[in-house]
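Once you know that position 118 of the sequence shown is 122 in this note's numbering, the rest is easy, because the numbers rise by one and skip nothing.
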Amino acid sequence: MPDTSLVELAYSHADKVGRITLNRSRYANALSADLVEALIDAVQACLDKKVELLVLRGHGAIFCGGFDLRGLDQETDASLAYRFLRLETLLQSIHYAPCQTLVYAQGAVSGAGADLMAACRKRLVAPDASFRFPGIRFGILLGTNRLLSLIGEKAYGVLLEQQKINSGLAVQLGLAQGLAQDVDVDALIEAEYASLKRIPEPTRRQLFAANTRQAAVDMGILAKTVTEPGLKARMQAYWEEAKAAARR
């Protein structure tokens, strides 16, 4: 069983809003295996409640620091591959959710954390937010088609050139839809729900009806990259390089 303390889950029954908050700020809300499982369970719990708006946030200075690389020495190629496949399961559960999904991202959001944001339909960012997608450096294609659907062929430059995207550029590219100060987020959530309620319920059902034809393709692309031999060694090399760069 995943550690349920890794997420905070709250419902507003009156307005059918579910709020999921990553609660691992000591580690920049990095996506450990347990956190991914807790998030999968939390998303499903919200969908079981038939929420009309699902909100994702992260405690602390960073929304999500990406795939948790701590403890990499204890991993194997197989365990890492499984973690990535479960991560894609989480991302698809949000991307294809039959309701509006809203994320607020702050701080230096990296890799799988940026993919988590990109899986949501409404994406708001803090002025201090920045985004990177380093997975291609260790041979992983995670969420590439979702990124393409948001920013078009510029996604290839973002991935291949390892471009760091600040909050303004994120809005310009379409990765985010607006800037918001943290103090305004609750009001923005209320406004988003009020906007939803102005749309007739049958229309909302059609608007958020899941077209999952791409889901199997995305999972298959990821599966091919994570089963290439040497995944752990590639990730270790990236991790050592990143730590060395941080010390400079």
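In this text, a Cβ means the ideal position worked out from N, Cα and C, and glycines have one as well.
Extent of the continuous alpha helix (DSSP H) to which residue i belongs
i: Val162; result: 158-164
i: Ala112; result: Per DSSP, Ala112 belongs to no alpha helix (DSSP H); it is in the beta strand (DSSP E), 112-114.
i: Lys236; result: 235-251
i: Lys201; result: 189-201
Candidates the options, of which the one nearest residue i by Cα
i: Ala237; options: Leu173, Cys124, Gly182, Leu73; result: Leu73
i: Leu179; options: Arg202, Arg208, Asp119, Val230; result: Asp119
i: Ala32; options: Leu76, Ala112, Asp52; result: Ala112
i: Arg150; options: Ile169, Ala219, Asp77; result: Ala219
i: Leu154; options: Gly172, Pro206, Gln181; result: Gln181
i: Ile169; options: Leu26, Ser114, Leu58; result: Ser114
i: Thr216; options: Gly234, Tyr108, Ala248, His99; result: His99
i: Leu94; options: Thr80, Gly234, Ser36; result: Ser36
i: Gly161; options: Gly172, Thr148, Glu92; result: Thr148
i: Gln240; options: Leu26, Leu84, Leu192; result: Leu84
i: His17; options: Arg87, Tyr197, Met121; result: Tyr197
i: Ala255; options: Met223, Ala122, Pro206; result: Any question about residue 255 goes unanswered here, given that the chain covers just 5 to 252.
i: Lys126; options: Ala82, Val189, Thr80; result: Val189
i: Ala227; options: Lys158, Asp81, Glu245, Asp45; result: Asp81
Residue i and residue j closer than 9 Å at C-beta
i: Glu12; j: Arg30; result: no
i: Arg136; j: Gln176; result: no
i: Pro138; j: Gly69; result: no
i: Asp7; j: Ala42; result: yes
i: Leu89; j: Val221; result: no
i: Leu57; j: Leu200; result: yes
i: Leu91; j: Ala116; result: yes
i: Val40; j: Arg87; result: yes
Residue i: first and last residue of the uninterrupted beta strand (DSSP E) it sits in
i: Tyr108; result: 104-109
i: Gly178; result: Unbroken run through Gly178: none, as it is neither H nor E.
i: Thr25; result: 21-26
i: Arg1; result: With the chain covering only 5 through 252, there is no way to say anything about residue 1.
i: Val55; result: Element bounds for Val55: n/a, residue is neither H nor E.
Sequence-distant residues of the same chain with beta carbon closer than 8 Å to residue i, five excluded per side
i: Gln110; result: Gly62, Ala65, Ile66, Phe67, Val129, Ala130, Asp132, Ala133, Asp186
i: Pro102; result: Leu51, Arg209, Phe212, Ala213, Ala214
i: Trp243; result: Leu73, Leu76
i: Gly172; result: Leu183
i: Val55; result: Tyr15, Lys20, Val21, Gly22, Cys103
i: Ile203; result: Leu211
i: Glu205; result: none
Identity of the residues DSSP links to residue i by a beta bridge
i: Tyr15; result: Gly22
i: Phe71; result: Leu35
i: Val59; result: Arg23, Leu106
i: Arg125; result: Answer is none; Arg125 lacks a bridge partner.
Same chain, Cβ closer than 6 Å to residue i, five either side skipped, listed in chain order
i: Leu163; result: Phe137, Ile140
i: Ile225; result: Leu145
i: Glu245; result: none
Neighbour flag for residue i against chain D, beta carbons, 9 Å
i: Asp190; result: Protein chains in the displayed structure number just one, and chain D is not present.
Chain-order list of residues whose beta-carbon lies under 7 Å from that of residue i (same chain, five-residue window excluded)
i: Ala53; result: Position check: residue 53 holds Lys in this sequence, whereas Ala was assumed. Closer than 7 Å at the Cβ level, and outside the excluded window around Lys53, lie Tyr15, Gly22.
i: Cys124; result: Leu60, Ile98, Thr105, Leu106, Val107
i: Glu232; result: Gly143
i: Thr25; result: Val11, Glu12, Arg61, Gly62, His63
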